[in-house]
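Residue numbering for the sequence shown follows the working numbering, starting at 44 and increasing by one per position. C-beta: ideal position from N, C-alpha, C; glycine also. Predicted model, so just to flag it, every value in this text is computed and none were measured. Here's the structure, in structure tokens; my notes come after.
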Amino acid sequence: MNSFGDIARLLILNTDSYKASHWLQYPPGTQTVFSYIEARGGTLPYTVFFGLQALLKEYFTRPITADDVALAAEVCAGHGVPFHREGWLHIVHAHGGRLPLRIRAVPEGTVVPVQHALVTVENTDPACAWLTSYVETALLRVWYPTTVATHSHATRQLIATSLARTGDPAGLPFKLHDFGARGVSSLESALLGGMAHLVNFQGTDTLTAVLGARVYYREPMAGYSIPAAEHSTITAWGRDGELAAYRNMLRQFGRPGALLAVVSDSYDLDAAVSRLWGTELRDEVIASGATVVIRPDSGNPTEVVLRTVQSLDRAFGSTVNAKGFRVLNHVRVIQGDGITRESIAAILAALEAAGYSADNAAFGQGGALLQQVNRDTLGFAMKASAVQVHGAWREVFKAPATDPGKRSKAGRLDLLTQAGRFLTLPDGSEAWHQARRDGATSALRTVFENGELCVDDDFATIRARAAAGG
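See the structure below:
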């Protein structure tokens, strides 16, 4: 191994240390372990499932090799845990290194209430019952893109509601821009989280996400951006050169129909908006034919956005739309500091109360979008729910007296859907058969079996599902 990429591709050690000893812990005669992934609940009552296809393509489709097994055996021996060398060599020799697993999952982009099975996993070779739980560590990381997609979706609904009342819903795809690339813990987080956001919106500055959508979901261009200033490109002109810095932005990027964003609070936002943009550069902005997006980057977001919109209205004027709200001429505002779903709601409410359309504002979100989530945000877990021992199936579950909320489900589970309603039921149970007789169908598809990817959705299809789900 010479790089992080070599480590990342080594699925055989992409697990928790204690998993290496679990092959010795199952009852004698265990042939199959059946597990499921669910979001038990948290900050939102639903999930937008996303990201499994990328994880499967990157980590699960590469065959295990004898060299992988030798390295894993060496590492585990030095690390102090037993290693199932014979089991992994069986996979290498009997299956060509391909994982004897069946993974079923809800289609990506589907909006599903919490407390339902989103993914099920079971081994297909009785000699590999230990494998189901072994891959939990790598597989359960689907929590991250799903959680980001879910929170981004909730923000989309919030903004859509405001636009429906006050503005043009056609602008929705570009109302929340991903500013999170620098604030995440890794490049992979930027890729997965950034793609998850793009399920709901099309504005991003996370280029890695655009590449990810191309590689894993066959989307040539999933997101877009515009020329934009940062503080260094403004302050490099000096305080006395602030006007010249703004004028340079106009001359470099101001074209009919173009958009450009200019951070304008390096010194005095109110003076920059009223005196520089609103007076000195007013005619040049109008003559350029571009839309200049002013970006405040400090202060109370609700107060600053409203004050900036009002100042720009005095300078550039506005037009009253068909819904009775004012839309600025030639200029807009994007707020990228202190943005959460709560602050977006407050900003939009303040604009609406003052008679301004949501068309006037867009939002940039960084850490709160891609980084301020964890596995407990939506309560993700993967649990075994059934095992087959000596040919007989038995339900398994946990029911801790100290935390009833962590009680797990039992049985070989299926997720059924009927008229938008979801049911997680043991496959073959009387309740399952009754639901099927009533017209319910399984929402789960086999997406991976015996080392092969069985479903390869494109990004447009996933976006359409998420949009249809609310």
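Residue from A224, A97, V376 whose Cα sits closest to the Cα of Q414: The residue labelled residue 414 in the question sits at position 371 within the sequence shown. The residue with the shortest Cα to Cα distance from Q414 is A224.
Meets three-Cβ-pair contact criterion under 8 Å: the stretch 455-473 and the stretch 120-139: no
Cβ distance (whole Å) where L182 is taken to contact E81 below 8 Å: Taking the first residue of the sequence shown as 1, we reach residue 182 at position 139. Taking the first residue of the sequence shown as 1, we reach residue 81 at position 38. Going by Cβ atoms, the distance from L182 to E81 rounds to 13 Å, so no, they are not a contact pair.
Beta-carbon proximity list for F244, same chain, < 6 Å, skipping 5 on both sides: Here residue 244 refers to the residue found at position 201 of the sequence shown. Cβ neighbours of F244 beyond the five flanking positions: P216, L219.
Own chain residues within Cβ distance below 8 Å of R514, not counting five before or after: Residue 514 is absent from the model: the chain starts at 44 and stops at 513.
Minimum C-alpha distance to L206 - residue among D402, C497, D470: In the sequence shown, counting from the first residue as 1, residue 206 sits at position 163. Per the Cα distances, D402.
Proximity test, K441 beta-carbon vs the ligand FAD heavy atom, cut-off 6 Å: Of ligands this structure carries none, so the ligand FAD is not represented either.
Nearest candidate by alpha-carbon position, reference L412, set T73, A478, T190: Start at 1 with the first residue of the sequence shown, and residue 412 comes out as number 369. Of T73, A478, T190, the residue nearest in Cα terms is T190.
Inter-residue spacing [alpha-carbon to alpha-carbon] between F502 and G237: On the sequence shown, residue 502 is found 459 positions in, with the first residue counted as 1. On the sequence shown, residue 237 is found 194 positions in, with the first residue counted as 1. The straight-line gap from Cα to Cα measures roughly 13 Å.
Bridge partner(s) assigned by DSSP for R488: Start at 1 with the first residue of the sequence shown, and residue 488 comes out as number 445. BP columns for R488 point to A148.
Coarse secondary structure for S275, derived from DSSP in three states: Position 232 of the sequence shown holds residue 275. Reduced to three states, the DSSP call for S275 is helix.
Three or more C-beta pairs below 8 Å linking the stretch 413-433 and the stretch 391-399: no
I505 classed as buried or exposed, judged by whether at least 16 other C-beta atoms fall within 10 angstroms: The residue given as residue 505 occupies position 462 in the sequence shown. Buried: at least 16 other Cβ atoms inside 10 Å.
Counted within 10 angstroms of its Cβ, other Cβ atoms place K426 as buried (16 or more) or exposed: Mapped onto the sequence shown, residue 426 falls at position 383. By the 10 Å Cβ count, K426 comes out buried.
Distance between beta carbons of E285 and V306, contact taken as under 8 Å: Taking the sequence shown and counting its residues from 1, one reaches residue 306 at position 263. Taking the sequence shown and counting its residues from 1, one reaches residue 285 at position 242. That belief does not hold up - the Cβ atoms of V306 and E285 are roughly 11 Å apart, past 8 Å.
Residues near L293 in its chain [Cβ-Cβ closer than 8 Å; skip 5 each side]: Indexing the sequence shown from 1 puts residue 293 at position 250. Correct list, in chain order: L303, L324, E327, V328, S331, A333, V335.
Rounded straight-line distance, which links the Cα of L468 to that of V149: Working through the sequence shown from its first residue, we reach residue 149 at position 106. Working through the sequence shown from its first residue, we reach residue 468 at position 425. Roughly 14 Å between the two C-alpha positions.
Proximity below 7 Å, CB of V185 to CB of L95: To locate residue 185, count along the sequence shown from 1; it is residue 142. To locate residue 95, count along the sequence shown from 1; it is residue 52. A contact, by the Cβ cut-off of 7 Å.
DSSP-derived helix/strand/coil call for I530: Residue 530 is absent from the structure shown; the chain starts at 44 and stops at 513.
Contact between the stretch 157-171 and the stretch 86-106 (3+ Cβ pairs under 8 Å): yes
As assigned by DSSP and simplified to three states, the class of S307: Start at 1 with the first residue of the sequence shown, and residue 307 comes out as number 264. Looking at S307 - three-state DSSP - the assignment turns out to be coil, as it is neither helix nor strand.
Minimum C-alpha distance to Q68 - residue among A172, G513, I390, A192: To locate residue 68, count along the sequence shown from 1; it is residue 25. Of the candidates A172, G513, I390, A192, the one whose C-alpha sits nearest the C-alpha of Q68 is A172.
Rounded C-alpha distance that separates S341 from G379: Sequence index remark: in the sequence shown, residue 341 carries index 298 (1-based). Sequence index remark: in the sequence shown, residue 379 carries index 336 (1-based). Cα to Cα, the separation comes out at about 9 Å.
contact_flag[the stretch 479-497, the stretch 135-151] where n(CB pairs < 8 Å) is 3 or more: yes
Assigned secondary structure, K62 (DSSP; H/G/I helix, E/B strand, else coil): Working through the sequence shown from its first residue, we reach residue 62 at position 19. Note: K62 maps to helix in three-state DSSP.
Supposed close pair A444, S428 - CB separation, criterion 8 Å: In the sequence shown, counting from the first residue as 1, residue 444 sits at position 401. In the sequence shown, counting from the first residue as 1, residue 428 sits at position 385. No, A444 and S428 are not in contact; Cβ-Cβ is about 19 Å, not under 8 Å.
Cross-strand partners of M425 (DSSP beta bridge): In the sequence shown, the residue the question calls residue 425 occupies position 382. I80, per the DSSP bridge assignment.
Reference R455; option with closest CA among R437, K441, G448, D446: One-based indexing of the sequence shown puts residue 455 at position 412. Checking every option, the nearest Cα to that of R455 belongs to R437.
CB of Q74 within 7 Å of CB of Q431, strictly: By 1-based counting over the sequence shown, the position of residue 74 is 31. By 1-based counting over the sequence shown, the position of residue 431 is 388. Closer than 7 Å, so yes.
The alpha helix (DSSP H) enclosing G48, as first and last residue numbers: Start at 1 with the first residue of the sequence shown, and residue 48 comes out as number 5. Taken as a continuous stretch (DSSP letters only), the alpha helix (DSSP H) holding G48 covers 47-51.
For A271 and W280, believed in contact at Cβ under 8 Å, the rounded distance: For this step, residue 280 is matched to residue 237 along the sequence shown. For this step, residue 271 is matched to residue 228 along the sequence shown. Going by Cβ atoms, the distance from W280 to A271 rounds to 16 Å, so no, they are not a contact pair.
Buried versus exposed call for R375 [16 or more other C-beta atoms within 10 Å across all chains shown]: Sequence index remark: in the sequence shown, residue 375 carries index 332 (1-based). Answer is buried; the Cβ neighbour count reaches 16.
Reference Y79; option with closest CA among E179, R141, N45, I50: Position 36 of the sequence shown holds residue 79. Measuring from the Cα of Y79, the nearest candidate turns out to be E179.
6 Å CB neighbourhood of W131 in its chain, flanking five on each side removed: In the sequence shown, counting from the first residue as 1, residue 131 sits at position 88. Hits under 6 Å: V112.
Beta-ladder partner(s) of V335, from DSSP: Translated into positions along the sequence shown, residue 335 becomes position 292. Answer is L303, V374, bridged to V335.
Chain-order list of residues whose beta-carbon lies under 7 Å from that of Y259 (same chain, five-residue window excluded): Mapped onto the sequence shown, residue 259 falls at position 216. Within the same chain, Y259 has close Cβ partners Q96, A97, K100.
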